[in-house]
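Below you'll find the structure, written out as structure tokens, and then a few comments.
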Amino acid sequence: MIRSRFIWRLYAGTVALILLTASLIGFFVSRNIVGQSLQDTENDLRTKALFLARVYREAVADGDLSSLQDEVRGMGEETESRLTVIGADGAVLADSDADPVRMDDHGSRAEILAARKSGIGSSTRYSDTVGREMMYVALSVRDGEEIVGYVRAAFPLVDVSRRLAHIRNVIAAIAGLSSLAALLLGFFFARRVTGPLRQMTRAAIAVAGGDYEREFEVRSRDEIGALAGAFNTMIEQLRSRMETIVLDRNKLLAILSSMVEGVVAIDRSEKILHLNLAAARILDVDREQAIGNKIAEVTGMPEVRETLARAIREEREIVLETNLGTAAGKRKIEMRASPLRDGDERLAGAVLVFSDMTELRRLEAVRRDFVANVSHELKTPVTAIRGLVETLIDDAEMPPDRKLDFLRRVHDQSMRLSSLITDLLTVSSVESREWAPEIERIDLRETARRSMRNLRALGETKGLAMETDLPAEPVFAYADADAMRQIVDNLLDNAVKYTPAGGRVRVRVRPDGARAVVEVEDNGVGIHPKYHARIFERFYRIDKARSRELGGTGLGLAIVKHLVLALGGTIDVESEEGKGSVFRARMPANAPAASSRSAPTLFEDRAG
Ligand code: ADP
Numbered sequence: 075m076i077r078s079r080f081i082w083r084l085y086a087g088t089v090a091l092i093l094l095t096a097s098l099i100g101f102f103v104s105r106n107i108v109g110q111s112l113q114d115t116e117n118d119l120r121t122k123a124l125f126l127a128r129v130y131r132e133a134v135a136d137g138d139l140s141s142l143q144d145e146v147r148g149m150g151e152e153t154e155s156r157l158t159v160i161g162a163d164g165a166v167l168a169d170s171d172a173d174p175v176r177m178d179d180h181g182s183r184a185e186i187l188a189a190r191k192s193g194i195g196s197s198t199r200y201s202d203t204v205g206r207e208m209m210y211v212a213l214s215v216r217d218g219e220e221i222v223g224y225v226r227a228a229f230p231l232v233d234v235s236r237r238l239a240h241i242r243n244v245i246a247a248i249a250g251l252s253s254l255a256a257l258l259l260g261f262f263f264a265r266r267v268t269g270p271l272r273q274m275t276r277a278a279i280a281v282a283g284g285d286y287e288r289e290f291e292v293r294s295r296d297e298i299g300a301l302a303g304a305f306n307t308m309i310e311q312l313r314s315r316m317e318t319i320v321l322d323r324n325k326l327l328a329i330l331s332s333m334v335e336g337v338v339a340i341d342r343s344e345k346i347l348h349l350n351l352a353a354a355r356i357l358d359v360d361r362e363q364a365i366g367n368k369i370a371e372v373t374g375m376p377e378v379r380e381t382l383a384r385a386i387r388e389e390r391e392i393v394l395e396t397n398l399g400t401a402a403g404k405r406k407i408e409m410r411a412s413p414l415r416d417g418d419e420r421l422a423g424a425v426l427v428f429s430d431m432t433e434l435r436r437l438e439a440v441r442r443d444f445v446a447n448v449s450h451e452l453k454t455p456v457t458a459i460r461g462l463v464e465t466l467i468d469d470a471e472m473p474p475d476r477k478l479d480f481l482r483r484v485h486d487q488s489m490r491l492s493s494l495i496t497d498l499l500t501v502s503s504v505e506s507r508e509w510a511p512e513i514e515r516i517d518l519r520e521t522a523r524r525s526m527r528n529l530r531a532l533g534e535t536k537g538l539a540m541e542t543d544l545p546a547e548p549v550f551a552y553a554d555a556d557a558m559r560q561i562v563d564n565l566l567d568n569a570v571k572y573t574p575a576g577g578r579v580r581v582r583v584r585p586d587g588a589r590a591v592v593e594v595e596d597n598g599v600g601i602h603p604k605y606h607a608r609i610f611e612r613f614y615r616i617d618k619a620r621s622r623e624l625g626g627t628g629l630g631l632a633i634v635k636h637l638v639l640a641l642g643g644t645i646d647v648e649s650e651e652g653k654g655s656v657f658r659a660r661m662p663a664n665a666p667a668a669s670s671r672s673a674p675t676l677f678e679d680r681a682g
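Position 583 of the sequence shown, counted from 1, bears residue number 657 in the numbering used here, the numbering being contiguous throughout.
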């Protein structure tokens with residue numbers, strides 16, 4: 075459409091110009107030629123009349139007009155024109171084409187009247203005598219001042235007209251042909267001008283549609299060529315800028331989508347511009363559907379909308395920590411909304427960053443509890459020692475056996491303090507990031523034997539049967555030997571502690587597919603299943619008083635669980651109240667892959 079309109083407008087102008095020029099030239103040329111031709115005819119007739127005048131004057135001078143008629147007839151034939159001689163009175167004396175006797179008085183003919191007045195006269199009119207349109211030129215013939223007659227030369231105008239018509243036709247044909255040629259050339263040039271423009275239009279449309287691979291062939295060196303060159307440069311720049319923009323955008327999207335924090339950006343009308351995966355998860359919405367919709371329509375959480383609205387209204391950062399009921403349950407979310415500005419620093423909307431603080435707050439709580447627990451645990455023996463020692467100091471008269479009892483109790487409490495500190499140091503050491511287990515192939519039977527050696531005396535003193543159940547073949551595990559020993563020591567220590575006199579404690583080692591299993595079994599007090607998960611928590615004891623009495627710190631199983639997990643194993647317990655317990659550690663029996671997983675810290679691991 076554009077193409078045809080432009081080419082036709084350009085072409086129509088050319089056509090009009092060519093036709094106007096051709097017709098003007100045709101018109102003026104033919105008018106000129108017609109005028110010139112009539113003038114020529116008239117001049118020609120005047121020359122002939124001059125000749126005839128001389129002939130007539132001679133005849134008049136001779137006084138003999140008898141041969142005039144013959145002479146005039148002869149001259150008329152020779153000059154192919156009609157010649158007439160008229161007397162001063164208007165009577166026709168001789169005529170080349172007619173018999174003068176039959177001709178009427180010619181004194182009143184227009185050309186004669188004019189010749190009488192000014193010596194020469196011309197007229198164009200119909201001749202009754204010859205019966206056609208004629209051009210006449212008449213001259214007066216004088217003898218001194220006196221007019222002695224008139225001579226007249228005439229030519230039929232039909233011949234002039236015919237000649238003129240021919241000339242006009244030739245001119246029209248030339249004008250027509252040159253116009254046609256000009257029209258064709260004009261069309262060709264118009265196409266040459268509009269062709270590249272059309273091409274450029276198509277390319278511009280393609281570029282607008284995102285096709286930056288379009289390129290122009292720059293053929294001409296004129297303005298259109300320069301335009302095409304500029305166009306190509308522009309496309310190239312657009313392409314490189316688009317690439318940069320797309321790259322930046324993708325980088326930003328990659329960063330946003332890999333962020334743990336949720337990010338929502340809205341414009342001033344509160345429509346969502348961007349929402350990353352984490353935010354979609356927190357708000358429990360479909361990411362694709364949410365973008366472009368108003369935040370209030372997308373989420374039913376008024377806090378989110380209000381925080382964003384405040385950041386826009388007050389044009390400052392708003393920070394708020396709140397409990398949000400998300401798909402993952404109630405979470406402590408910190409919302410940080412900041413105003414969003416465009417390139418001109420104008421307020422364009424707001425961006426909200428959600429940080430899930432649940433875990434952090436929980437860890438803080440766990441740490442607080444831990445410190446409180448540790449302080450409490452330390453305080454108890456210290457208070458007891460202080461009380462005992464103060465009594466000893468105050469009561470100088472105390473009988474020696476009572477004094478001894480007091481001192482023994484001080485000793486017990488300091489032992490308790492010591493084991494508490496030992497356990498705390500163990501916790502601190504295994505929890506420290508520097509601790510990395512030294513994984514090697516160890517025979518679990520060896521570990522079991524060593525632990526049994528350590529605790530046999532203690533158990534037997536208490537009246538327990540201390541047994542080992544080990545296969546003849548080695549049971550290999552990939553583990554840290556020290557950590558493994560500590561695990562079995564702790565389990566065995568507990569079994570001894572929580573099994574009354576006369577009971578039995580047994581360590582069993584066996585292979586089980588990809589695992590090497592250590593079981594510590596007793597038939598002691600047992601544990602109600604409702605405590606099975608909790609006993610692995612730090613400082614958790616079913617019966618605090620009894621544990622304390624037995625020298626327990628509440629950290630033993632927490633350390634066991636942490637070490638087992640750090641070595642890639644699992645721990646579980648089978649137990650019923652009053653029937654005894656089995657603690658089972660299942661360790662990897664095969665060499666670990668190159669990258670061994672890092673141990674969770676005691677604090678990260680909720681249950682342990
Ligand atoms: P503690 O130093 O008090 O023994 P642990 O972390 O080792 O602390 O154990 C936590 C609690 O689990 C103990 O207080 C005890 O109630 C229970 N428990 C652990 N081992 C046994 C067992 N073999 N038999 C019965 N109860 C046990």
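Ideal placement from N, C-alpha and C gives every residue a C-beta, glycine not left out. In this text, all values refer to a predicted model and were calculated from it rather than measured experimentally.
Asked	Found
Under the three-state DSSP convention, the category residue 356 falls into	helix
Sequence-distant residues of its chain with Cβ nearer than 6 Å to residue 622 (five each side left out)	none
Segment contact, 8 Å Cβ cut-off, at least three pairs: the region 541-550 with the region 568-588	yes
Within 7 Å, strictly: CB atoms of residue 615 and residue 625	no
Nearest-angstrom Cβ-Cβ length linking residue 222 and residue 134, presumed shorter than 8 Å	5 Å
CA nearest to the CA of residue 559, picked from 186, 394, 637, 237	637
Range of the contiguous beta strand (DSSP E) that encloses residue 183	No beta strand (DSSP E) contains residue 183, which DSSP labels as neither H nor E.
Residue 454 Cβ short of 6 Å to ligand 1 heavy atom set	no
Euclidean distance between Cα positions of residue 159 and residue 186	11 Å
Coarse secondary structure for residue 150, derived from DSSP in three states	helix
Residue 486: CB within 6 Å of a non-hydrogen atom of ligand 1	no
Sub-7 Å separation of residue 423 and residue 341 beta-carbons	yes
Proximity test, residue 495 beta-carbon vs ligand 1 heavy atom, cut-off 6 Å	no
Short Cβ contact (7 Å threshold) for residue 518 with residue 570	no
Helix, strand or coil at residue 585 [DSSP, three-state]	strand
Buried versus exposed, by CB contacts within 10 Å (16 or more), residue 180	buried
Where the alpha helix (DSSP H) containing residue 449 begins and where it ends	432-468
Residue 392 (DSSP reduced to helix, strand or coil)	strand
3 or more residues per run - each beta strand (DSSP E) lying fully within the region 582-665	589-596, 644-650, 654-662
Chain-order list of residues whose beta-carbon lies under 7 Å from that of residue 567 (same chain, five-residue window excluded)	529, 630
Residue 542 in three-state terms, based on DSSP	strand
Contacting residues, own chain, Cβ-Cβ under 8 Å from residue 661 (five flanking each side not counted)	518, 551, 552, 553, 558, 589, 590, 591, 592, 638, 641, 642, 643
Paired residues, beta bridge with residue 500 - DSSP	Per DSSP, none; premise fails for residue 500.
For residue 106 and residue 149, the rounded distance between their alpha carbons	31 Å
Alpha-carbon to alpha-carbon, residue 138 and residue 188	27 Å
Closer than 6 Å: residue 631 CB and nearest ligand 1 heavy atom	yes
Pairwise C-alpha distance: residue 230 and residue 244	22 Å
Beta-carbon proximity list for residue 452, same chain, < 6 Å, skipping 5 on both sides	none
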